[in-house]
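S.K.: Right, I'll just put the structure down here and ask away after.
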Amino acid sequence: GAKTSETTTASTAPQATKAAAKAGDGKVTVGFSQIGAESGWRGAETQSIQDTAKADPTIELKFSDAQQKQENQIKAIRSFIAQKVDVIAMAPVVETGWEAVLKEAKDAKIPVILVDRGIDKKNEDLYTSFIGSDFIVEGQNAAKAMAEHLGDKGNIVELEGTVGASAATDRKKGFDDEMKNHPNIKIVKSQSGDFNRATGKQVMEAILKSPEGKDIQGVYAHNDDMALGAIQALEEAGKKPGSDVKIVSIDGIKEAFEAVKAGKLNTVVECNPLLGPQLFQAAKDLKAGKQLPKWIKSNEDVFTGQKAIDALPNRKY
Amino acid sequence: MKLPLKITSSNITILATVLLFISLYGTGSAMFDSFFSIQVFLNLFVDNAFLIIVATGLAFVIVTGGIDLSVASLIALVSVLSAVMLRAGIHPFVVMPSVLLLGTIFGLLQGYLICRFHIHPWIVTLGGMFLARGTCFLISPESIVIDNPIYSAISNFRIPMPGEGSISIGVVIALVTVAAAVYISRYTAFGRNVYAIGGNEKSSELMGLPVYATKLAVYTLSGFCSALSGIVFTFYMLSGYGLHLMGGEMDAIAACVIGGILLTGGFGYFIGPMLGVLSAGVIQTMIMFQGSLSSWWTKIVIGFLLFAFIALQRVIVSRRERKRNPHMPKKTKSSVPNIVQL
Amino acid sequence: MQQHVLTMTGVSKFFPGVKALTNVDFQLRRGEIHALMGQNGAGKSTLIKVLTGVYEKDHGIVALNGQIVHIKSPKDAQALGISTVYQEVNLCPNLSVSENLFIGRQPRKRGGSIDWPLLNAKAEELMGRLSIGLDVSKPLSEFSVAIQQMVAIARAVDISSGLLILDEPTSSLDQQEVKELFRIMRKLKDEGMAIVFVTHFMDQVYEVSDRITVLRNGELVGEYLTEDLPRIELISKMIGREWNDEEQQSKVVGMKKGEVWVSAQQLGRRGSMEPFDITVRKGEVLGLAGLLGSGRTEIAKLIFGIDKADEGALTIDNDKIRTMFPKKAIEYGLAFCPEERKVEGIIGELTVRENIVLALQAKRGILHNLSLRKQQEIADHYIKLLSIKASSMEQRIDQLSGGNQQKAILARWLATNPKLLILDEPTRGIDVGSKAEIRKLILSLAAEGMTILMITSEWEEMVGCCDRIMVLRDRQIIGELAGNEIGEQRIMQMIAEGGGKNDAVHEHVS
Amino acid sequence: MPFMSMFPNAIRSKLFWPAVGIALILVFNALFTPGFFHIRMQDGHLFGSLIDILNRGTPILIIALGMTLVIAKEGIDISVGSVLAIAASLAAFLLQKHVPFALALLAGLGIGVVCGYWNGLLVAKLKIQPMIATLILLTVGRGIAQLISGGKIITISDKAYRFVGGGYLFGVPFAVILAIVVFVVLHVITRKTAFGLFLESVGANRISSEFAGINATRIMISVYVICGFCAALAGIIVSSNITGADSNNAGLWFELDAILAVVIGGTSMRGGRFYLGGTVLGALFIQTLTTTIYTLGVPSESVMVVKAIVIILVSLVQSDVLREMLSRTFSKKMEKKVLVNETAA
Ligand SMILES: Nc1ncnc2c1ncn2[C@@H]1O[C@H](COP(=O)(O)OP(=O)(O)OP(=O)(O)O)[C@@H](O)[C@H]1O
Ligand SMILES: Nc1ncnc2c1ncn2[C@@H]1O[C@H](COP(=O)(O)OP(=O)(O)OP(=O)(O)O)[C@@H](O)[C@H]1O
Ligand SMILES: [Mg+2]
Ligand SMILES: [Mg+2]
């Protein structure tokens, strides 16, 4: 839908804001502060945003990578303000600590769009819109899928993400909350696998050898990479992932879908990183003076069995 | 007072750094509009105040020939503790001194292990780093927002500067810290002992200097500076979080080295860490203004700019060193006739 | 008894495998200069370190002015008025001369901050008292060992109140500086100070000391009044057997006419050595004479390729060599025994054995590893040959006494079986007995056809060994002496006169 | 202790404490983790926690072996994690482009050597301080790895490549055999040639070594090259083991563990003497600790605290000063006893 609206925004926008008057060429300048490149998922998000911007001549993207550091993001936002961009977008590395700098943005009359991660609820007035999914809901969806696979009964292992990361905390929270409704399912072990494959595998190996690990029916991983590592560990231990041990994970990278096809992974809860088009559409709408909803939900789904196999050819990342 | 105004082997790195800083800033101004503005320059201080403080404290350790890897984690710990205490309703003016005290004790303990048992500082402070980070997660794995009005007020307070710019309280604290460090390093016995130990620890011992006490003090000071930096950082972030400043110790060390402080100890001026921080800050700002590098290119470019900076610095320094006549007449000539009389 | 400033009774100190001191008594009276004598490794430095709290003693009592004291660190010692110059120069190379002199006791301004101008002024005055004019604000590392030694002495002298200990302070000083030092020592003595003085120079002992204590193998031999103890007897007591002057073998006079083997043509390095010509003939002992800092070491370093020459050329065995580096030099059969043993010589953490075989191994290359047995054989051979005193060849070399470290470095180079042996101050810090042995060794090596290039500040030694002497001044060769011309007086004269025209050059170079 | 008496005194004392550390953790496991020592054959290979420790420990172990040499030279290499990622990404990338296995492997190892050479040049020739010199590659290297892989995880399907880190030879993990080979080769290089002597001598006193005719620059560069090679090999093992090259996370923070292993193994950060055997024990100690933590299911939040406490305890135990303090109080008691006996007699 981005292509059609482009001409209208280009012609109506010029005098809308102070910044645009400066730019004068009708371009929408967006400063985007990305967290980093810690996972394939985030890489896909970055790719989507950069590709969309490149394909659209009316967009000028200022991209800044914060290398996982909040202070770098704050600096980036300051520099966007200094450069007088039209819209600031960011994927906040944490929920808290944005008050001061977002206020500066507000004082400079630059709207802020949050992408894929939210910030503290108290600061809702400091940003215009949030585009993305809800980690808690993802966790809940994963729990529902798991309960279904296990017939509401069994022992499971939870592979957590990086300690302290909001995706990890919320996916755990959503999952655990939902599991309260399924009292016969027991989480016998919960360990951090740092969101990566090697650690995921190593942790799973150790768990399998612990007393509690002898009798498990399910593994819930906060992301696909850890699930893929766990699958290997299970196979090496002589278990059959997918049938002996049900596996549910979140994100939806291509390899996970392949694993579903191979029967080794049961459910993938999607968390869509391709937010580029939605982001720039929102930016243009803002410049055009339109009102935006506070939460623009990304298009997401839960894939199990045949549904995943069908979706596989269309996966981009 | 004989300030080192002539170029010597010890201040050449500083001069090289200043030179490179200015030329980088010049390049940035030429390349990007609004790069050359008071506020962009002042932002270098505003955004890096905490790093200046912590690097300055760390510099004392490095000059004695030691290292402190726990500094960044300690900052994170201070932020988390402050947040938790404030959430519990403790008054900010109780919170601040108590986290300062905690940081100081933390440094003291590390120093004790290092000095008393001769364990290598790398190991002790690596342990300290894990301990501080781990404690953060034990206290709260999530980030905690700080909404205390006093903290918010301090955080938002800006001191206007001439020419449409302003600085934060943190900057003031940082500048005071640097000034204090420069003074201590040059005008107190403690400061001079720090250099002596870095030059030759055994000799210092034989000269009767209080080596043990000085080293202990240096690690304690580093802990104190980390805690102070942690407070400034907490103002800056208004949140407490265990993942804050991951890998920040490397930034601090790099700042010291860029600022001409030798990791082997004994050399360097305490204005250096601040210059190092500013230089790294300019590189970062340039990349932000450039605004089209992907994540990996950002890393590569930052790394290469860092490399170019250090390599140029080395070239300038070694050029000067070669030019300088390394040999001086070691004796007054008057001694020659005397010998003949013998 | 009450004039005893210091009494040490029954002091023992053991290191793993070594009895460095066994049951030693030592007394020091007010207003005396007391020489502590003994061979390398006799325990002199250890006694001093025990006294000043560097080492903890295993047994014994130390009393200062009649009161038993427990000195646990050099700091305690200083607080009790004992100040020390240790054998190895122990200052901070990164600090300025003035700071090294006053660190720990800097003059303060009223606010409590260090008064730098005053500090520098005081430092200048202090160095002036020792007749040394230098820029005291320069880092110590920019000065030669001699200057560093003088700075250490100046510091100790200035600190001391009651007791001053000097462990081989004169080893790298020239005669003028030694004279100056003695003048000060006498003055301090007259003021009632007690001074302990360690040296291997017999002349100096007799010139300045009042009393002598002799140690041998960590045991006390006895305490004597200097005037009652003839030189020969002192040496006998130190080495534990009869000693006669005939052992001082002398060279075969007569210039050797071997072919030119190494020669330098206008070899030089900007800022460090004026271009010079030099020829070394096979089988001769060639000496480089000059004052400290005259450029003798520079010549040696250029020939050995440690400093890269930026002009001129070097010819060895008719091969013209443009760039020299140590490995190549060793392959040509050169060996270089450097003067600053702590930084350029020993590798402190390694064992005596490893230190001895190092250069030979470097010569053989990385792949032709010497087997452990072979290494042990070599080490054993040289430990015996040079009578190196070590508890075993697996002892760390930095635990050896200073003189024995020097011998181990000599052993390192002898092991490469060199054709040209460059010795820069080879006998610095070596006791009389060993000195004679080393001199004997040099002469016998020369007799066997080894060429030797020798740098020494002991002109007597130079005169006694060399067939030919090049005289240097201000980084230039100003003359040559051969055969019968050689004599201490001649050398001094040459240095004093010969370089008159070079003063301008000197300004230019610095 | 018959095993220990095989080694000379100095080495023995260096190996002793890490060995005790490992033993303590194992005893702890024997008491509190049932089945920890259980090893069985499964699909024709050994299977059990102990095998896991060896298997998972290999990447850190191999890197730590290389790091030992660098530290012996009074250097440090904090870029190993990034080098690891580069090597893994490059090899995986080439395999994806259907380059033959052998070539991909060579390219992966080769890039490690190049990275090591670069570090060596910066340190030995440009005389940049080691930590900063390698900090540059730490930053740049991760970027290069991501550049090669496009920030994604490259899946590896090549059978031969998978065997390197995931296969078994005679029932033993092949990676473990590789680690043993690396150890033996390094041992031979350092102890059967003069390399070890030269390295220790350069590490202890560079100037003296140069005076003695050793080419210090070449020695310094070669240790970084060896370290780079080791890091690359570890990268291949890691990526092969998870059948994917993860340019973002592979080898993250490995440098800290590797350095820790070296220091626990008795090699001083101040250069000079080094102990490859000690490093092996150090690495195994760290891995035993890690595996134990995972097996026990220590809450994720407290893993770091546990690790910190163990590190500090181990280094305290290793400290000569503490041992001397203890032995002194002990010998004082003995002395008193002797005195009592004497007076009694
Ligand atoms: N730290 C140490 N560890 C082990 N042995 C030592 C140590 N220090 C000295 N020794 C040994 O103690 C003995 C006495 O050494 P000391 O340095 O006192 O000799 P010295 O009389 O000063 O000799 P020199 O004239 O050569 O300086 C020597 O055999 C030496 O090897
Ligand atoms: N001004 C100086 N700055 C730094 N190093 C110096 C200086 N002057 C001399 N040196 C060093 O001191 C040592 C001795 O210097 P030099 O070779 O000039 O003296 P020398 O004639 O050999 O006398 P000696 O060796 O007896 O001191 C050399 O290693 C030289 O590099
Ligand atoms: Mg001595
Ligand atoms: Mg000399």
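Protein chains in written order, with the working numbering: chain A, 58 to 374; chain B, 22 to 363; chain C, 2 to 511; chain D, 317 to 661.
All residues carry an ideal CB built from backbone N, CA and C; glycine is no exception.
Just so you know, these numbers come straight off a predicted model, no measurement behind them.
Using Cβ-Cβ distances below 7 Å, what residues of the segment 80 to 105 of chain C are close to chain E?
M.R.: Within the model displayed, chain E is absent; protein chains A, B, C and D are what it includes.
S.K.: Closer than 9 Å, Cβ to any Cβ of chain D: which residues of the segment 280 to 302 of chain A, in chain order?
M.R.: Asp282, Leu285, Gly286, Gln289, Glu293, Ala294, Gly295
S.K.: Is Asp358 (chain A) helix, strand or coil by DSSP?
M.R.: Counting from one through the first sequence, the residue named residue 358 (chain A) turns up at place 301. The answer is coil: DSSP assigns Asp358 (chain A) none of H, G, I, E or B.
S.K.: Could you name the residues of the same chain whose beta carbon sits closer than 7 Å to that of Val151 (chain A), not counting the 5 residues immediately before and after it, in chain order?
M.R.: Counting from 1 along the first sequence, the entry for residue 151 (chain A) is found at position 94. The beta carbon of Val151 (chain A) sits closer than 7 Å to the beta carbons of Gln127, Ser223 from its chain, once the five residues preceding and following it are set aside; these are given in chain order.
S.K.: Determine the direct distance from the alpha carbon of Arg156 (chain C) to that of Leu421 (chain C), and round the result to whole angstroms.
M.R.: Numbered from 1 along the third sequence, position 420 holds the residue referred to as residue 421 (chain C). Numbered from 1 along the third sequence, position 155 holds the residue referred to as residue 156 (chain C). Taking the straight line joining both Cα atoms gives about 40 Å.
S.K.: Please classify Leu424 (chain C): does DSSP put it in a helix, a strand, or coil?
M.R.: In the third sequence, residue 424 (chain C) corresponds to position 423, counting from 1. Leu424 (chain C) falls in the strand class under three-state DSSP.
S.K.: Which runs of the alpha helix (DSSP H) spanning at least 4 residues fall entirely within the segment 444 to 510 of chain C, listed in chain order?
M.R.: 460 to 466, 489 to 499, 504 to 510
S.K.: When DSSP labels each residue in this structure, what does Pro231 (chain C) get in the three-state scheme?
M.R.: As a first step, residue 231 (chain C) is located in the third sequence; it is residue number 230 there, counting from the start. Coil at Pro231 (chain C), not helix or strand.
S.K.: Note down the Cα distance separating Ile454 (chain D) from Arg342 (chain C), rounded to an integer number of angstroms.
M.R.: As a working note, residue 454 (chain D) is residue 138 in the fourth sequence. As a working note, residue 342 (chain C) is residue 341 in the third sequence. Residue 454 (chain D) is actually Leu in this sequence, not Ile. A direct Cα-to-Cα measurement between Leu454 (chain D) and Arg342 (chain C) gives close to 39 Å.
S.K.: Per DSSP, what kind of secondary structure is Ala78 (chain A) in: helix, strand or coil?
M.R.: For the purposes of this step, residue 78 (chain A) is taken as residue 21 along the first sequence, with counting starting at 1. Because Ala78 (chain A) carries a pLDDT of 41, less than 50, the predicted location of this residue cannot be relied on, and no value is offered for it.
S.K.: Taking the alpha helix (DSSP H) that Ala199 (chain A) belongs to, which residues open and close that run?
M.R.: Numbered from its first residue, the first sequence carries residue 199 (chain A) at position 142. Per DSSP, the unbroken alpha helix (DSSP H) holding Ala199 (chain A) starts and ends at 192 to 207.
S.K.: Helix or strand or just coil, what does DSSP make of His382 (chain C)?
M.R.: As a first step, residue 382 (chain C) must be located in the third sequence, where it is residue number 381. Of the three classes helix, strand and coil, the one that applies to His382 (chain C) here is helix, per DSSP.
S.K.: Return the CA-CA distance between Gln348 (chain A) and His265 (chain B), expressed in angstroms with no decimal places.
M.R.: Here the question's residue 348 (chain A) lines up with position 291 in the first sequence. Here the question's residue 265 (chain B) lines up with position 244 in the second sequence. Distance between the alpha carbons of Gln348 (chain A) and His265 (chain B) is about 35 Å.
S.K.: Got a sec: is the Cβ-Cβ distance from Asn521 (chain D) to anything in chain C below 8 Å?
M.R.: Mapped onto the fourth sequence, residue 521 (chain D) falls at position 205. Yes, Asn521 (chain D) counts as interfacial toward chain C.
S.K.: In whole angstroms, what separates the C-alpha of Arg372 (chain D) from that of Val39 (chain B)?
M.R.: Residue numbering aside, residue 372 (chain D) sits at position 56 when the fourth sequence is read from its first letter. Residue numbering aside, residue 39 (chain B) sits at position 18 when the second sequence is read from its first letter. Roughly 47 Å between the two C-alpha positions.
S.K.: Of all Cβ atoms in chain D, is any one closer than 8 Å to the Cβ of Ile33 (chain B)?
M.R.: Reading the second sequence from its first residue, position 12 is the one you call residue 33 (chain B). Answer no: the Cβ-Cβ gap between Ile33 (chain B) and chain D never drops below 8 Å.
S.K.: Roughly how many whole angstroms lie between the Cα atoms of Thr227 (chain C) and Ala448 (chain C)?
M.R.: By one-based count along the third sequence, residue 227 (chain C) stands at place 226. By one-based count along the third sequence, residue 448 (chain C) stands at place 447. Using only the alpha carbons, I get a separation of about 38 Å.
S.K.: Compare the C-alpha of Gln407 (chain C) against each of C:Leu424, C:Thr417, C:Tyr87 and name the closest.
M.R.: Numbered from its first residue, the third sequence carries residue 407 (chain C) at position 406. Nearest of C:Leu424, C:Thr417, C:Tyr87 to Gln407 (chain C), Cα basis: C:Leu424.
S.K.: Which value, in whole angstroms, describes the spacing of the CA atoms of Gln28 (chain C) and Gln490 (chain C)?
M.R.: As a position in the third sequence, residue 28 (chain C) is number 27, starting the count at 1. As a position in the third sequence, residue 490 (chain C) is number 489, starting the count at 1. Distance between the alpha carbons of Gln28 (chain C) and Gln490 (chain C) is about 40 Å.
S.K.: Going by beta carbon distance, what residues of the same chain come within less than 6 Å of Glu215 (chain A), once the five residues before and after it are set aside?
M.R.: Counting from one through the first sequence, the residue named residue 215 (chain A) turns up at place 158. The answer, listed in chain order, is Ile244, Ser247, Tyr277.
S.K.: Give a yes or no on whether 8 Å exceeds the smallest Cβ distance from Gln149 (chain C) to chain B.
M.R.: Locating residue 149 (chain C) in the third sequence gives position 148, where the first residue counts as 1. No, Gln149 (chain C) does not count as interfacial toward chain B.
S.K.: Using a Cβ-Cβ cutoff of less than 7 Å, which residues in the same chain neighbour Leu127 (chain C) once the five nearest sequence positions on both sides are dropped?
M.R.: Within the third sequence, the letter at position 126 stands for residue 127 (chain C). Spatial neighbours of Leu127 (chain C) in its own chain (CB-CB distance under 7 Å, excluding positions within 5 residues in sequence) are listed in chain order as Leu102, Ala155, Asp159.
S.K.: I need the DSSP call for Asp159 (chain C), collapsed to helix, strand or coil.
M.R.: In the third sequence, counting from the first residue as 1, residue 159 (chain C) sits at position 158. DSSP places Asp159 (chain C) in helix when its eight states are reduced to three.
S.K.: Mind listing which residues of the segment 434 to 451 of chain D have their C-beta closer than 7 Å to chain B's C-betas, in chain order?
M.R.: Taking 7 Å as the Cβ-Cβ cut-off, the segment 434 to 451 of chain D approaches chain B at Leu442, Lys443, Ile444, Gln445, Met447, Ile448, Leu451, given in chain order.
S.K.: Cβ of Lys14 (chain C) within 7 Å of any heavy atom in ligand 6?
M.R.: Ligands in the displayed structure: ligand 1, ligand 2, ligand 3 and ligand 4; ligand 6 is not one of them.
S.K.: Give the single residue among C:Ser388, C:Ser392, C:Leu444, C:Met38 whose Cα lies nearest to the Cα of Arg212 (chain C).
M.R.: By one-based count along the third sequence, residue 212 (chain C) stands at place 211. Arg212 (chain C) has its Cα closest to that of C:Met38, out of C:Ser388, C:Ser392, C:Leu444, C:Met38.
S.K.: Can you name the start and end residues of the beta strand (DSSP E) that Cys338 (chain C) belongs to?
M.R.: What you label residue 338 (chain C) is simply residue 337 of the third sequence in a count that begins at 1. Here the beta strand (DSSP E) through Cys338 (chain C) covers 335 to 338.
S.K.: Thinking C-alpha only, which one of B:Cys246, B:Leu283, B:Ile331 is nearest Ile126 (chain B)?
M.R.: Within the second sequence, residue 126 (chain B) is the residue found at index 105, counting from 1. That would be B:Cys246, whose Cα lies nearest to the Cα of Ile126 (chain B).
S.K.: Where Tyr374 (chain A) and Lys296 (chain A) are concerned, what is the direct C-alpha to C-alpha distance, given to the nearest angstrom?
M.R.: Against the first sequence, residue 374 (chain A) aligns to sequence position 317. Against the first sequence, residue 296 (chain A) aligns to sequence position 239. Looking at the two C-alpha atoms, the distance is approximately 29 Å.
S.K.: Report yes or no: is there a C-beta of chain D within less than 8 Å of the C-beta of His139 (chain B)?
M.R.: In the second sequence, residue 139 (chain B) corresponds to position 118, counting from 1. Yes, contact with chain D.
S.K.: What does Lys508 (chain D) reach in chain A if we use C-beta pairs closer than 8 Å?
M.R.: Position 192 of the fourth sequence, counted from the first residue, corresponds to residue 508 (chain D). Result: empty, since nearest Cβ-Cβ is about 35 Å, beyond 8 Å.
S.K.: According to DSSP, simplified to helix, strand and coil, what is Arg323 (chain C)?
M.R.: One-based indexing of the third sequence puts residue 323 (chain C) at position 322. Of the three classes helix, strand and coil, the one that applies to Arg323 (chain C) here is coil, per DSSP.
S.K.: Measuring only between beta-carbons, confirm whether Phe66 (chain B) sits less than 8 Å from chain A.
M.R.: Reading the second sequence from its first residue, position 45 is the one you call residue 66 (chain B). By this cut-off, Phe66 (chain B) is not an interface position.
S.K.: What residues in the segment 195 to 228 of chain A have a beta carbon less than 8 Å from any beta carbon of chain D?
M.R.: Glu217, Val220
S.K.: Tell me the start and end of each unbroken alpha helix (DSSP H) in the segment 107 to 160 of chain B that is at least 4 residues and wholly inside, in chain order.
M.R.: 113 to 138, 142 to 160
S.K.: With 16 other CB atoms within 10 Å as the buried threshold, where does Trp460 (chain C) fall?
M.R.: One-based indexing of the third sequence puts residue 460 (chain C) at position 459. Trp460 (chain C) is buried by the Cβ-count criterion.
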